[in-house]
Amino acid sequence: MRHFLTLKDFSKEEILEIIDLAEKIKKKAKKGDFKHYLKDQTLGMIFEKSSTRTRVSFEVGIHQLGGKGLFLSSNDLQLGRGEPMKDTARVISRMVDMVMIRTYAQNTLEEFAEYSRVPVINGLSDSYHPVQLMADYLTMREYGKDKNPIVAYVGDGNNMAHSWLMLASKLGFELRIATPKGYEVDSTILEEALTFASSSGAVIKIGNDPKEAIKGANVVTTDTWVSMGQEGDKEKKVKDFKGYMVNVKMMSLAQKDAIFLHCLPAYRGYEVSEEVFESHADEIFDEAENRLHAQKGVMVWLDRNKEE
Ligand code: CP
Ligand code: NVA
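Residues in the sequence shown are numbered consecutively from 30, following our numbering.
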């Protein structure tokens with residue numbers, strides 16, 4: 030049985046297999062053909078943090094696959110009153126067929142998975158957001174940016190930056206990350222990514238200069254400067270991230286036909302300017318929609334690999 034906790038656990042071939050599956054499922058769905066790959070299955074969805082896209086896409090996704098989504102807010106579960114995660118895992122996984130969790134520590138997901146009888150999907154942790162990257166890569170493919178792309182990530186060295194590191198290092202493309210000093214990516218995750226990169230041929234460049242990162246890139250991306258759980262740091266971060274907004278001037282350094290991706294929610298006037306956001310709204314909202322299709326691919330793939 031496989032879990033989907035981080036792309037670190039997946040080979041290039043497996044990642045591409047899931048993307049191909051997602052693409053196939055999306056094409057059929059667009060024609061009104063919703064094959065019930067997960068007929069009568071239940072997806073438990075545990076949320077310890079807020080969500081718009083993750084909740085809606087998983088709930089609609091499992092429904093379109095013939096199953097049912099169960100929204101479980103940690104505030105309403107006994108988990109919120111101190112019931113251990115490992116007990117929660119042992120109870121819930123006897124009743125549902127798959128679980129998605131949005132939480133803080135990656136360890137929480139790992140603990141749940143250890144005690145779970147069914148596949149567990151990371152719907153965002155402080156360390157990674159792997160399902161988002163599956164949607165992002167599907168979008169890159171749809172915009173013809175999946176062959177030897179140069180991706181520039183400008184902003185916080187957070188869960189999105191870490192997930193980009195894993196995707197690039199597994200698939201073997203060029204990724205440049207520019208963060209302010211003091212907001213670099215986690216050094217252990219970087220080391221792991223560099224190890225994968227040495228066999229995949231990925232080029233990973235880490236620095237503090239957003240212009241240098243964006244120059245000549247054909248995919249530019251960023252994320253909020255203040256992730257969920259860090260609200261108290263906002264004032265300081267806004268000062269420290271001065272000069273890191275992806276604005277028109279910054280975007281003009283990228284290739285002419287570069288796309289701009291954002292996992293959303295976006296904070297205009299902070300990590301991205303209104304003008305850049307609105308002029309790239311097509312790809313940004315295709316990316317958001319692709320959460321639905323990509324995650325259907327992830328769920329069907331995990332179900333197929335249950336017995337192996
Ligand atoms: N991108 C993303 O995960 O959005 P939500 O927080 O709305 O789920
Ligand atoms: N880095 C952001 C991503 C939100 C989808 C956060 O963790 O809040």
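Quick reminder that beta carbons are idealized off the backbone N, C-alpha and C, glycines included.
Self-check item: heavy atom of the ligand CP below 7 Å from glutamine 161 C-beta
Solution: Residue numbering aside, residue 161 sits at position 132 when the sequence shown is read from its first letter. Yes - the ligand CP has a heavy atom lying nearer than 7 Å to the Cβ of glutamine 161.
Practice problem: Determine, using beta carbons only, whether methionine 280 and valine 305 come nearer to each other than 8 Å. | Solution: In the sequence shown, counting from the first residue as 1, residue 280 sits at position 251. In the sequence shown, counting from the first residue as 1, residue 305 sits at position 276. Cβ atoms of methionine 280 and valine 305: closer than 8 Å.
Quiz item: How should glutamate 303 be labelled, buried or exposed, when 16 other C-beta atoms within 10 angstroms of its C-beta is the threshold for buried?
Solution: Along the sequence shown, read from residue 1 onward, the residue named residue 303 stands at position 274. When all chains shown are included, glutamate 303 counts as exposed.
Exercise. Run the proximity test for arginine 84: is its beta-carbon closer than 7 Å to any non-hydrogen atom belonging to the ligand CP?
Key: Your numbering for residue 84 matches position 55 in the sequence shown. Yes, the Cβ of arginine 84 comes within 7 Å of a heavy atom of the ligand CP.
Quiz item: To which residues does DSSP link isoleucine 130 through a beta bridge?
Solution: Reading the sequence shown from its first residue, position 101 is the one you call residue 130. Per DSSP, Ile75, Asn151.
Quiz item: Measuring from the CB of methionine 257, is there a heavy atom of the ligand NVA at a distance below 7 Å?
Solution: The residue labelled residue 257 in the question sits at position 228 within the sequence shown. The answer is yes for methionine 257.
Practice problem: Can you grab the Cα-Cα spacing for the pair isoleucine 206 / valine 255, in whole Å? | Solution: Counted from its first residue, the sequence shown places residue 206 at position 177. Counted from its first residue, the sequence shown places residue 255 at position 226. Approximately 17 Å, taken between the alpha carbons.
Self-check item: alanine 164 vs arginine 320 beta-carbon contact at 8 Å
Solution: Counting from 1 along the sequence shown, the entry for residue 164 is found at position 135. Counting from 1 along the sequence shown, the entry for residue 320 is found at position 291. Yes, they are a contact pair.
Self-check item: Residues that DSSP places opposite leucine 50 in a beta bridge
Solution: The residue labelled residue 50 in the question sits at position 21 within the sequence shown. Its beta-bridge partners do not exist; DSSP assigns none.
Self-check item: aspartate 252: CB within 7 Å of a non-hydrogen atom of the ligand NVA
Solution: Numbered from 1 along the sequence shown, position 223 holds the residue referred to as residue 252. For the ligand NVA, at least one heavy atom lies less than 7 Å from the Cβ of aspartate 252.
Quiz item: Is it right to say phenylalanine 270 is buried, meaning 16 or more other beta carbons lie within 10 angstroms of its own, or is it exposed?
Solution: Here residue 270 corresponds to residue number 241 of the sequence shown, with the count starting at 1. Looking at its Cβ environment, which holds 16 or more other Cβ atoms inside 10 Å, phenylalanine 270 is buried.
Exercise. State the start and end residues of the unbroken beta strand (DSSP E) segment that holds serine 102.
Key: Here residue 102 refers to the residue found at position 73 of the sequence shown. Unbroken beta strand (DSSP E) run through serine 102: 97-102.
Quiz item: Whole beta strand (DSSP E) runs in the segment 191-253 with 3 or more residues, listed along the chain?
Solution: 203-207, 232-236, 248-251
Quiz item: Can we say the segment 73-89 touches the segment 122-138, given the rule of at least three CB pairs closer than 8 Å?
Solution: yes
Exercise. Go ahead and label serine 145 buried or exposed: buried means 16 or more other beta carbons lie within 10 angstroms of its beta carbon, across all protein chains shown.
Key: Taking the first residue of the sequence shown as 1, we reach residue 145 at position 116. By the 10 Å Cβ count, serine 145 comes out buried.
Self-check item: Residues sharing a beta bridge with isoleucine 179, DSSP
Solution: Numbered from 1 along the sequence shown, position 150 holds the residue referred to as residue 179. Answer by DSSP bridge pairing, in chain order: Glu203.
Quiz item: Quick one: what's got a C-beta closer than 6 Å to threonine 250's C-beta in the same chain, skipping five residues either side?
Solution: The residue labelled residue 250 in the question sits at position 221 within the sequence shown. So the list reads Tyr182, Leu290, once near-sequence residues are dropped.
Quiz item: Can you tell me whether DSSP reads histidine 291 as helix, strand or coil?
Solution: Looking up residue 291 in the sequence shown gives position 262. Strand, per DSSP.
Practice problem: Within the same chain, show all residues whose beta-carbon is closer than 7 Å to that of phenylalanine 63, passing over the 5 residues directly before and after it, in chain order. | Solution: As a working note, residue 63 is residue 34 in the sequence shown. Counting only Cβ-Cβ distances below 7 Å, and skipping sequence neighbours, we find Gln93.
Self-check item: Beta-ladder partner(s) of arginine 170, from DSSP
Solution: Position 141 of the sequence shown, counted from the first residue, corresponds to residue 170. Paired residues: none, contrary to the question.
Quiz item: Between serine 198 and the ligand CP, is the CB less than 7 Å from at least one heavy atom?
Solution: What you label residue 198 is simply residue 169 of the sequence shown in a count that begins at 1. Not so, every heavy atom of the ligand CP lies at least 7 Å from the Cβ.
Quiz item: If you follow the alpha helix (DSSP H) that alanine 142 is part of, which residue opens it and which one closes it?
Solution: Residue mapping note: residue 142 aligns to position 113 of the sequence shown, counting from 1. Counting along the chain, the alpha helix (DSSP H) containing alanine 142 begins and ends at 135-144.
Practice problem: Could you give the DSSP three-state label for arginine 297: helix, strand or coil? | Solution: On the sequence shown, residue 297 is found 268 positions in, with the first residue counted as 1. Of the three classes helix, strand and coil, the one that applies to arginine 297 here is strand, per DSSP.
Quiz item: Roughly how many angstroms lie between the CA atoms of asparagine 276 and valine 232, to the nearest whole one?
Solution: Residue 276 sits at position 247 when you count from the first residue of the sequence shown. Residue 232 sits at position 203 when you count from the first residue of the sequence shown. About 25 Å.
Exercise. Flag this pair as touching only if the segment 157-174 and the segment 102-109 have three or more C-beta atom pairs under 8 Å; answer yes or no.
Key: no
Exercise. Tell whether a beta-carbon distance below 8 Å holds between glycine 184 and tyrosine 296.
Key: What you label residue 184 is simply residue 155 of the sequence shown in a count that begins at 1. What you label residue 296 is simply residue 267 of the sequence shown in a count that begins at 1. Going by C-beta atoms, glycine 184 is not nearer than 8 Å to tyrosine 296.
Quiz item: Where does valine 275 fall in DSSP's three states?
Solution: Indexing the sequence shown from 1 puts residue 275 at position 246. Valine 275: strand per DSSP, three-state reduction.
Quiz item: Whose C-beta lies closer than 6 Å to the C-beta of threonine 35 among residues of the same chain, with five residues either side of it excluded?
Solution: The residue you call residue 35 lines up with position 6 of the sequence shown. Tyr157, Pro159, listed in sequence order.
Self-check item: Proximity below 8 Å, CB of glutamine 324 to CB of serine 86
Solution: Here residue 324 is taken as the residue at index 295 of the sequence shown, counted from 1. Here residue 86 is taken as the residue at index 57 of the sequence shown, counted from 1. Taking 8 Å as the Cβ cut-off, glutamine 324 and serine 86 qualify as a contacting pair.
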